[in-house]
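In the numbering used here, the protein residues as written are 89 to 446.
What follows is the structure in structure tokens.
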């Protein structure tokens with residue numbers, strides 16, 4: 089049966105490939121892959137025992153995990169080259185400073201709102217951790233949440249700002265630190281400023297540097313497009329894994345926590361919709377355009393891996409400038425993890441309430 093399952097999986101991949109060749113609509117193909125993945129994953133879970141299911145998922149994970157790793161592979165080169173290229177052409181991006189302040193302000197405000205919503209949902213739905221932690225996996229997850237909460241509470245604003253400054257840019261290019269992405273943004277921006285300075289002193293040298301940077305930028309962007317075209321297959325495989333490994337009994341037992349979590353998510357969509365309305369952007373059209381990116385972020389649970397899709401969506405569908413798209417996506421992946429802040433606040437409340445802490 090393993091071979092049959094894999095044959096069906098490959099057949100679906102070929103179907104998605106044929107559909108994309110005919111329509112050339114990436115978003116539509118991603119959405120179809122998402123639905124097919126949910127359906128196939130649910131069938132696998134209901135039809136097969138765990139040993140066979142695990143073996144099937146091991147092979148399916150070659151596609152899902154492989155796609156995520158490819159996205160992670162291109163994150164740092166994409167951010168580095170795009171920021172460097174944009175700064176080297178700073179005359180085309182004179183509003184960057186103003187936009188940067190707006191991006192950072194929006195991220196910080198929405199993060200604070202997200203944390204507040206998480207706390208409010210805990211009290212509104214009377215969510216408690218009592219009776220939910222039943223195994224080693226749950227205990228380990230609780231430990232990670234408490235550790236992360238401790239790190240966040242101990243991190244002062246000055247310490248956070250200092251951590252952004254790269255002391256070894258080559259190490260940050262490997263993603264060695266939690267703030268590596270922002271450090272790479274800063275390093276590439278400083279390198280771009282240095283290129284501008286050289287260009288003012290020696291115009292011929294400046295032009296050669298600009299041409300070299302632009303060539304490298306085009307090379308990396310071509311690689312990014314190659315990887316982005318694999319999105320339907322990656323999302324399809326990720327959704328299979330999610331649907332096949334979700335335990336409905338556990339979901340029922342979690343009850344209020346699941347409802348509270350999704351209520352918080354829905355409220356954050358409303359918050360973003362209100363912000364879009366104020367800047368005269370149609371929320372419905374916006375969410376249609378970003379749906380593939382949101383779907384991948386939801387299934388992969390990786391902010392860093394979503395950066396390339398984020399940038400591609402901003403530039404190709406939303407019409408943002410390349411440097412602004414890179415800036416927003418890079419800082420958003422670190423500062424604006426609204427899901428993390430919502431769960432840190434709500435989980436901290438949940439884990440504290442059984443022990444008498446409120």
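Using N, Cα and C, we set each Cβ at its ideal position, and we do this for glycine too.
For residue i, the nearest candidate out of the options (CA to CA)
| i | options | result |
| --- | --- | --- |
| residue 270 | 250, 282 and 124 | 250 |
| residue 350 | 310, 205 and 288 | 205 |
| residue 313 | 107, 114, 196 and 356 | 114 |
| residue 324 | 91, 102 and 90 | 102 |
| residue 384 | 374, 398, 373 and 371 | 398 |
| residue 353 | 292, 382, 335 and 293 | 382 |
| residue 421 | 108, 196, 107 and 157 | 196 |
| residue 94 | 132, 194 and 294 | 132 |
| residue 408 | 161, 191, 119 and 158 | 191 |
| residue 211 | 411, 281, 358 and 345 | 345 |
| residue 410 | 335, 317, 386 and 306 | 306 |
| residue 335 | 292, 386, 194 and 138 | 138 |
Per-residue DSSP class, three states only, for residue i
| i | result |
| --- | --- |
| residue 269 | helix |
| residue 347 | helix |
| residue 93 | helix |
| residue 130 | helix |
| residue 261 | coil |
| residue 412 | helix |
| residue 153 | helix |
| residue 365 | helix |
| residue 305 | helix |
Burial state of residue i, where buried means 16 or more other Cβ atoms lie within 10 Å
| i | result |
| --- | --- |
| residue 260 | buried |
| residue 170 | buried |
| residue 319 | buried |
| residue 111 | exposed |
| residue 400 | buried |
| residue 258 | exposed |
| residue 246 | exposed |
| residue 150 | exposed |
| residue 125 | buried |
| residue 300 | exposed |
| residue 348 | buried |
| residue 174 | buried |
| residue 162 | buried |
Proximity below 8 Å, CB of residue i to CB of residue j
| i | j | result |
| --- | --- | --- |
| residue 393 | residue 403 | no |
| residue 145 | residue 332 | yes |
| residue 415 | residue 188 | yes |
| residue 155 | residue 322 | yes |
| residue 311 | residue 176 | no |
| residue 276 | residue 379 | no |
| residue 164 | residue 287 | no |
| residue 90 | residue 140 | yes |
| residue 355 | residue 377 | no |
| residue 326 | residue 134 | no |
| residue 159 | residue 359 | no |
Own chain, CB closer than 6 Å to residue i, minus 5 neighbours either side, in chain order
| i | result |
| --- | --- |
| residue 128 | 328 |
| residue 223 | At residue 223 the pLDDT is 49, less than 50, meaning the model places this residue with poor confidence; the figure from the coordinates comes in the next sentence. Excluding positions up to five away in sequence, the list is empty. |
| residue 121 | 104, 320, 323 and 324 |
| residue 143 | 90 |
| residue 451 | Because the chain here runs from 89 to 446, residue 451 falls outside it and cannot be looked at. |
Close-in-space but distant-in-sequence residues of the same chain around residue i (CB under 7 Å, 5 per side omitted)
| i | result |
| --- | --- |
| residue 418 | 167, 269, 270, 273 and 395 |
| residue 97 | 148 |
Neighbourhood of residue i by C-beta, 8 Å cutoff - its chain only, sequence neighbours within 5 removed
| i | result |
| --- | --- |
| residue 364 | 370, 371 and 374 |
| residue 265 | 251, 259 and 271 |
Residue-chain proximity (residue i, chain B), Cβ-Cβ < 8 Å
| i | result |
| --- | --- |
| residue 128 | The chain inventory of the structure shown lacks chain B, comprising one protein chain alone. |
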